[in-house]
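Q: Got a structure for you, questions after.
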Amino acid sequence: MVSLKPRHFGILLFGRALLNMSYRMVYPFLPALSRGIGVGFEELAILATLRSACGLVSPFLGFFLDKGSYRFGLFVGILIILVGALGIFLLPAYWGIISFFISTGLAKAVYDPAVQAYVSSFFPYETRARGIGIVETAWATSWFVGMPICAFVLDAWGWRGPFLVIALWGCLAAFLIHALPAERRVVVPRGYGVTVLSKPFWVLTMSFLMMFSNENLIIVYGAWMEEAFGLRLGALGVLSFIIGSGELAGEALVALIGDRLGKKRILTTGLSGLALVYLLIPYVSASIEAVVFVLWLMFFFSEVAVVSSFAFVSEVVPEAKGYILSINYACGLTGRLIGSITGPTVWHWSGNITFNALLSFSAALLAFLCLKYYSHRARSQSVKG
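In UniProt numbering, the protein residues as written are 1 to 385.
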């Protein structure tokens, strides 16, 4: 049987880190990008919302992923982000950044469910957290390595610098996709779309709330750090490096012990820890050292919850991994979309990070309750069966 070797994981990580860096660079550097392009902070935040809206096509693509090839989905995702990066240099500044935001949303809508389904096809559920956890370290890598690179090129070459890096990276990533083995074919039963939509409502709601809680706070974290502590590009780059280690630790924890501890148990731990960290934020905002530590914890527990949720969701409807993961992606993205609206709105209305933190806490707590209710129903139905 064909299996994924370390070099194959390297290719997947290389492509995934590219898309994640493209997606995440807006968060710490939103003020710098808005100044470079000559548009307001709020206007770029609206473009981040547009990016999320574009990703809502994911459920429509999930069916074709199951019918066709997950590996081809990886190639298409890389190609889309490459075109978007080139648009920065071929179009006027404002229209170029619009095209990049749209392409980022579309690229991740294709690539993320494809890579999760691709890896899942090689791993049985009992060991799947390890496979998905390894691939998801690209999320931390994009922050841990990509954000300092973005800070450097922004400072040295201006606001277009990061997009040149993305374009060159994309060319190499697209070429490397062809070295991946074909995935194990998936047999898709007729009418499975109705099954997917009817079974996991509470799990999908959990994904929505979990992603909303994160986006509502993280989208204003760069502006908060600038205003509260006067941090600029170089310092934000160093801070991103520190915080990225928290994400990497969370992803590594899931990869190392997620299967042994149990997907649901480690997911519950991540959601609980995330909710508690949100409550701490208002009490530490006077000290930059305390803020950095709490932000590290926030990113750590967020990754524990998110990565373990991918492995957990992938087996809700085992015969339709691509479809269920695409729907799950769209639900999480809807949470991000709404969070990208509420985050700046609450921040500018209150002028205080406390209200963002309390709103995120409420959402994380509801996500925890949704998971508990889904588990209770699943046990009840199992007993009845």
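The beta-carbon is built from N, C-alpha and C at its ideal position, and this holds for glycine as well.
Small disclaimer: the values here were computed from a predicted structure and weren't measured.
Does the distance from the C-beta atom of N216 to that of S360 stay below 7 angstroms?
A: Working through the sequence shown from its first residue, we reach residue 216 at position 216. Working through the sequence shown from its first residue, we reach residue 360 at position 360. Closer than 7 angstroms, so yes.
Q: Okay, do the segment 277 to 284 and the segment 245 to 254 touch, 3+ Cβ pairs below 8 angstroms being the bar?
A: Output reads no: the segment 245 to 254 does not touch the segment 277 to 284.
Q: Three or more C-beta pairs closer than 8 angstroms, one from the segment 68 to 81 and one from the segment 9 to 21: is that the case here?
A: Cβ pair count under 8 angstroms is three or more, so yes.
Q: In whole angstroms, what is the alpha-carbon distance linking V110 and S120?
A: The residue labelled residue 110 in the question sits at position 110 within the sequence shown. The residue labelled residue 120 in the question sits at position 120 within the sequence shown. Using only the alpha carbons, I get a separation of about 16 angstroms.
Q: Here's the rule: buried if 16 or more other CB atoms are within 10 angstroms of the residue's CB, otherwise exposed. What is C150?
A: By one-based count along the sequence shown, residue 150 stands at place 150. Buried, because 16 or more other Cβ atoms sit within 10 Å of the Cβ of C150.
Q: Can you give me the start and stop residues for the alpha helix (DSSP H) that S308 sits inside?
A: Stepping through the sequence shown from its first residue, residue 308 is reached at position 308. 288 to 313 is the span of the alpha helix (DSSP H), which, as asked, contains S308.
Q: Let me confirm a value: E303 is counted as buried when at least 16 other C-beta atoms fall within 10 Å, else exposed. Which label applies?
A: Counting from one through the sequence shown, the residue named residue 303 turns up at place 303. So E303 counts as buried.
Q: Cα-Cα, which of W202, I166, V291 is closest to Y221?
A: Working through the sequence shown from its first residue, we reach residue 221 at position 221. Nearest C-alpha to Y221: V291.
Q: For V383 and R377, I'd like the C-alpha separation in whole angstroms.
A: For this step, residue 383 is matched to residue 383 along the sequence shown. For this step, residue 377 is matched to residue 377 along the sequence shown. In this prediction, V383 has a pLDDT of 37, which is less than 50 and means its spatial position is unreliable; what the coordinates show is noted afterwards. Going from the Cα of V383 to the Cα of R377 covers about 10 angstroms.
Q: Ordered along the chain, which non-local residues of its own chain (more than five positions away) have a Cβ less than 6 angstroms from that of F299?
A: As a first step, residue 299 must be located in the sequence shown, where it is residue number 299. Cβ within range, chain order: I243, G246, E247.
Q: So within the segment 211 to 250, which uninterrupted alpha helix (DSSP H) runs reach at least 4 residues, ignoring any that extend past its ends?
A: Whole alpha helix (DSSP H) segments, 4+ residues: 221 to 229.
Q: Using only CA atoms, which one of R7, Y323, F212, V238 lies nearest to R336?
A: Working through the sequence shown from its first residue, we reach residue 336 at position 336. That would be F212, whose Cα lies nearest to the Cα of R336.
Q: Three or more C-beta pairs closer than 8 angstroms, one from the segment 171 to 184 and one from the segment 46 to 61: is that the case here?
A: Cβ pair count under 8 angstroms is below three, so no.
Q: May I ask you to report which of helix, strand or coil DSSP gives M25?
A: As a working mapping, residue 25 is identified with position 25 in the sequence shown. Reduced to three states, the DSSP call for M25 is coil.
Q: Could you check which residue in F144, R128, E289 has the C-alpha nearest to that of E315?
A: On the sequence shown, residue 315 is found 315 positions in, with the first residue counted as 1. Looking at the Cα atoms, R128 is the closest of the given residues.
Q: Just to confirm before moving on: does the CB-CB distance between A305 and L365 stay below 7 angstroms?
A: The count along the sequence shown starts at 1 and reaches residue 305 at position 305. The count along the sequence shown starts at 1 and reaches residue 365 at position 365. Their beta carbons are not under 7 angstroms apart, which means A305 does not touch L365 by this criterion.
Q: Take G170 as the anchor and find which of G77, F101, S207 has the nearest alpha-carbon.
A: By one-based count along the sequence shown, residue 170 stands at place 170. If we check each option's Cα against that of G170, G77 comes out closest.
Q: Do K321 and A167 come within 7 angstroms of each other at the CB atom, strictly closer than that value?
A: Translated into the one-based positions of the sequence shown, residue 167 becomes position 167. Translated into the one-based positions of the sequence shown, residue 321 becomes position 321. Cβ atoms of A167 and K321: not closer than 7 angstroms.
Q: Going along the chain, which residues of its own chain have a beta-carbon closer than 7 angstroms to the beta-carbon of N356, five neighbours each way excluded?
A: Taking the sequence shown and counting its residues from 1, one reaches residue 356 at position 356. Excluding sequence neighbours, N356 sits near N216, L217, V220, G343, V346, W347.
Q: Would I88 and F163 qualify as a contact pair, given that the criterion is a beta-carbon distance under 7 angstroms?
A: Sequence index remark: in the sequence shown, residue 88 carries index 88 (1-based). Sequence index remark: in the sequence shown, residue 163 carries index 163 (1-based). In this structure, F163 lies closer than 7 angstroms to I88 by Cβ.
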